[in-house]
Amino acid sequence: DYRQAWKVEHKLSDILLLTICAVISGAEGWEDIEDFGETHPDVLK
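Laid out in structure tokens, this is it:
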């Protein structure tokens, strides 16, 4: 939200990239995507 920049922790493009990478790696749901994000924090940097 551009009005509340202080609430933004990650860019939308980073979240989309993480989601795409997780799905390509076999993630089948939100919990799998979350697990992928926790085990691959470098994707969000």
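Residue numbers for the sequence shown follow full-length UniProt numbering, so the first one is 1 and each next one is one higher.
Cβ atoms here follow ideal geometry from the backbone N, Cα and C, with glycine treated the same way.
The three-state reading of DSSP puts Lys45 in coil, since its state is none of H, G, I, E or B. Around the beta carbon of Leu17, fewer than 16 other beta carbons sit within 10 angstroms, so the residue counts as exposed. When secondary structure is reduced to three states using DSSP, Glu34 falls in the helix class. Across the set Asp32, Gly29, Lys11 and Ile33, the C-alpha of Lys11 shows the shortest separation from the C-alpha of Lys45.
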